[in-house]
Each structure stands twice: as C-alpha cells, then as structure tokens.
Amino acid sequence: MPEPLAWQIGKVTAIRAETPGVNSFTLELPSWRAHRAGQHYDVRLTAADGYQAQRSYSIASPPSRAGEVDLTIERIADGEVSPYFHDVIEVGDRVELRGPIGGYFAWEPPLGGPLLLVAGGSGVVPLMAILRERASAEARPPAALLYSSRTFDDVIYREELDALAAADAGLRVIHTLTRAQPPDWTGHARRIDRAMLAEAIAAAGAEPLAYICGPTLLVEAAANGLVELGVPPARVRTERFGPTS
Amino acid sequence: MDDPLVLDANAVAGDLAELFGFEVTSATHRCGHCGNVAAVGTLLAWTQGPGVTLRCSACREVVIRYVRTATHTYLDVSGASYIAAGH
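Structure representation (structure tokens):
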C-alpha cells in the first residue's frame, strides 16, 4: 500500500485540554510525512474480538512540526472512538492511524487568498492548521475566520486566535456565540447568517477562497450563503462532519 | 438538503485512495447523469449504510459507491462518465 495509506502505530506524547469537551493529542509518528493544512488522519481502534471502529480527525498542527501531529478531538457522547481518546488514552499509549489523507480540503501558501474560513464548533480544527500555516508563510494573504461556538467556554484555541489576530492586521476573527454569551460579550449572538457572511467577505476581500468546516447543516447554510453573495462555487470548499449530537 | 448525516467525499478520502491507488478527492470527475464537472471531493457522502454512496452535489444522483464484504470489495463508478487526475 502507498505510504500514507499504510497503518502505523503512533505514540501519544502530550494531551492538552482545549475546552471542557475538546482535547488536543500530540502523536509521535514513526513514518511521519509533511501534510497540507486541512488534511486529516484516519484513526482505527480494534477491540479484543477484532471489531474495528475508524474515524477521521483533522490535523491541527502545521506541517513545519516534523515527526508529530496534533489531533484536536471533540468528545462525542455516543461516539465509538472519541470517548476512548478522552476517557481511556494516556500519555505513552499507542494508537493505530494512517495519513495524511485528503487533498481537496487543503491549503498551502501557493494557493493564495484572500482566505475566508467559516467554522462551526470543532470544525475550526483544520482551519486552525491553515491559520498556523499562514502565520509562518512568507507572503500572508488577507484572511477572515468566522467562527460559531455554543458558549464562550466552548471556543477552541480562543487565546491563540486572539493573539494571532492582535499581531496581524491582515487577519480578522469574527466570533458568534449561539447558546449563551458572557455579560460583556461584544461579538455576535446568533447562528451564522447572511449578514455575518457578508461581514466576513468584506473582512477577507473580494473573490475569496473559502473553506467551511462544521456540522453538516451549518456547512450547507454557509456554502449556499457565500454563493448567493457572489463567491464563485469553485472557490468554496466544504468539510461536513455530520450531526452535532 | 436537510440531511444532517451527509458528509463530503473527503471524509472517506482514505478509503478512496486505497481503492483507486491515488489521492482521488482532488481529481476531477464528470457526473454521468447531469454532466456536472467538479472535484471528486465535492461529492456528497452517505456513510451510515453497509457501504458508502457518493452523490453528485448538483443533481444528487449516485456517482460512486463501494461496499466491503468478508471476502471482496465492490466498487461501482458507473455514475461517472470520467475521472481525470493530474500528473
């Protein structure tokens, strides 16, 4: 089998809590290959009786970190794989995985911009890889991230996003909190809608290259909205990750 | 479309790469039903059944499907009039 498709055994070297339900896992890989921001790894668990469960998790780290990847994983209560990561796996444990995988939902500096990134919940993970890759690029295209979370505490990478935006006039981060907002909240407080998408397009620039990742219905609404606002369909890339619950 | 379970072909890019022998989501396909030309990655993926069904994002007809049995893998690409990969 070609190398990215061969299963390998990675070792968990660090676990960090990002939010109450989301952790980042650093995996050291014996057959590491440089990935493109936006790609994912397939993770496979095998039970004692041979039953296997397989899921895809987006890479959060930039390709410049040789030898390892960060996978940021949300705990899905009735999931088969993510509860194992959150409840069972410890530093030093080994996990079977293959990758990097995918070529369609991927960005690298030669693709340029302006970049318009739209995220719902943990859909921000591959977009964070894009922003991290962009931050270290020689020429940074203008970029806007429109990011929908349920509550303030559910915002993944909040401090890093704040720091990236503060240090970079070419990056705008627009948050919306759909379920509850802190008393001093100045961002949006509703689901992503046409006005918000128009604001994000204005922040990114004309004819943006759009990457949308999140729950299926959010992706659907955002992709249709961007096309209605004049973004060419061929410049809208989507990654749906299914239902939110 | 209001099916919360539908994914993109990207979700099964690993399986597809295994079946086709190359990274196929960034290749171009033409839908055999409506003639839409787009990246394979734009196909919509239904993954909850015994096999995987990939449908055209424009007309929703089946373009690619595959299923694994205990002994064989069946791959049906009869819904695509071509797949073009750069080299």
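Chains as they are written, first to last, in the numbering used here: chain V, -9 to 235; chain H, 6 to 92. Think of the CB as a built atom: it goes at the ideal place given N, C-alpha and C, for glycine as much as any other residue.
Residues, ordered as in the chain, of the segment 89 to 103 of chain V that lie near chain H by beta-carbon distance below 9 Å | Those residues of the segment 89 to 103 of chain V that come within reach of chain H (Cβ to Cβ, closer than 9 Å) are G89, I91, G92, G93, Y94, F95, A96.
For H:I88, which of H:L80, H:A50, H:R35, H:A14 has the nearest alpha-carbon?
-> Ranking H:L80, H:A50, H:R35, H:A14 by Cα distance to H:I88 puts H:R35 first.
Chain-ordered neighbours of V:R230 on chain H, where CB pairs are closer than 7 Å = Ordered by position in chain H, the residues that pass the 7 Å Cβ test against V:R230 are V11, L12, D13.
Neighbour-count burial assignment, V:D77, 16 or more Cβ in a 10 Å radius = Exposed, by the Cβ-count rule.
Are the Cβ atoms of H:V29 and H:V45 separated by less than 8 Å?
-> Against a cut-off of 8 Å, the Cβ pair of H:V45 and H:V29 comes out as a contact.
State yes or no: is the beta carbon of V:S51 nearer than 8 Å to at least one beta carbon in chain H?
-> No, V:S51 does not count as interfacial toward chain H.
Give the residues of chain H in contact with V:L(-5), contact being defined as C-beta atoms less than 8 Å apart.
-> The answer, in chain order, is G19, A22, E23.
Kindly say whether V:D39, judged by its beta-carbon, lies nearer than 8 Å to any beta-carbon of chain H.
-> Interface annotation, V:D39: not in contact with chain H, CB-CB separation never under 8 Å.
Could you check the C-alpha separation between V:L166 and H:G84 for me, to the nearest Å?
-> The identity of residue 166 of chain V in the sequence shown is Thr, whereas the question assumes Leu. Here the C-alpha atom of V:T166 lies approximately 40 Å from the C-alpha atom of H:G84.
Alpha carbon to alpha carbon, how far is V:R34 from V:Q44? Give it in angstroms, no decimals.
-> Computed Cα separation, rounded: 4 Å.
Alpha carbon to alpha carbon, what distance is there between H:T76 and V:R130?
-> About 50 Å.
Which of the three DSSP states, helix, strand or coil, is assigned to V:P90?
-> The answer is strand: DSSP assigns V:P90 an E or B state.
Might you give, ordered along the chain, the residues of its own chain that have their beta carbon closer than 6 Å to the beta carbon of V:S235, omitting 5 neighbours on each side?
-> In this prediction, V:S235 has a pLDDT of 44, which is less than 50 and means its spatial position is unreliable; nothing more can be read from the coordinates.
Which residue from V:A212, V:G232, V:D174, V:C203 puts its Cα closest to that of V:I191?
-> When only C-alpha atoms are compared, the closest one is V:A212.
Give the DSSP-derived three-state secondary structure of V:E80 in the structure shown.
-> Here DSSP, grouped into helix, strand and coil, assigns V:E80 to coil.
Spatial neighbours of V:Q171 within its chain, please: CB distance less than 6 Å, with the 5 preceding and 5 following residues excluded, ordered by chain position.
-> The answer, listed in chain order, is A179.
Closest Cβ-Cβ distance between V:T206 and chain H: below 8 Å?
-> Yes, its Cβ sits closer than 8 Å to a Cβ of chain H.
Residues of the segment 19 to 45 of chain V with a CB closer than 7 Å to any CB of chain H: list them in chain order, please.
-> So the close ones are D32.
Min CB distance H:S31 to chain A below 8 Å | Among the chains of the structure shown, chain A does not appear; the protein chains present are V and H.
Member of V:Y31, V:A37, V:L106, V:D83 whose CA lies at the smallest distance from the CA of V:A50 | Of V:Y31, V:A37, V:L106, V:D83, the residue nearest in Cα terms is V:Y31.
Anticipated Cβ contact below 8 Å, V:R230 with V:V217, distance rounded | The pair is not a contact, with the Cβ atoms about 16 Å apart (cut-off 8 Å).
Bridge partners - V:L136, DSSP secondary structure assignment = V:L136 is bridged to V:V108, V:I164.
Under the rule that 16 or more other beta-carbon atoms within 10 Å means buried, what is V:P(-6), buried or exposed?
-> A residue is called buried when at least 16 other Cβ atoms come within 10 angstroms of its Cβ; V:P(-6) meets this threshold and is buried.
Which bits of chain V does H:T44 rub up against, with CB to CB less than 7 Å?
-> Per the sequence shown, the amino acid found at residue 44 of chain H is Ala instead of Thr. Ordered by position in chain V, the residues that pass the 7 Å Cβ test against H:A44 are Y94.
Own chain partners of V:S46 with C-beta closer than 6 Å, once the 5 adjacent residues on each side are dropped = Taking V:S46 as the centre and dropping the five residues before and after it, the same chain places the C-beta of H30, D32 closer than 6 Å to its C-beta, in chain order.
Kindly list the residues whose CB is nearer than 6 Å to the CB of V:R181, restricted to its own chain and excluding five residues on each side of it in sequence; keep chain order.
-> Counting only Cβ-Cβ distances below 6 Å, and skipping sequence neighbours, we find T168.
Run through DSSP, which three-state label would H:S31 get?
-> Correct three-state label for H:S31: coil.
Min CB distance H:A85 to chain V below 8 Å | Output row for H:A85: interface = no.
Strand pairing of V:Q(-2), partner residues [DSSP] | V:L87.
Per-residue burial, V:G220 [other beta carbons within 10 Å of its own, 16 or more giving buried] = Exposed, because fewer than 16 other Cβ atoms sit within 10 Å of the Cβ of V:G220.
Nearest CA to the CA of V:A7: which residue from V:P100, V:T62, V:G195, V:Y74?
-> A check of alpha carbon separations from V:A7 across V:P100, V:T62, V:G195, V:Y74 identifies V:T62 as the nearest.
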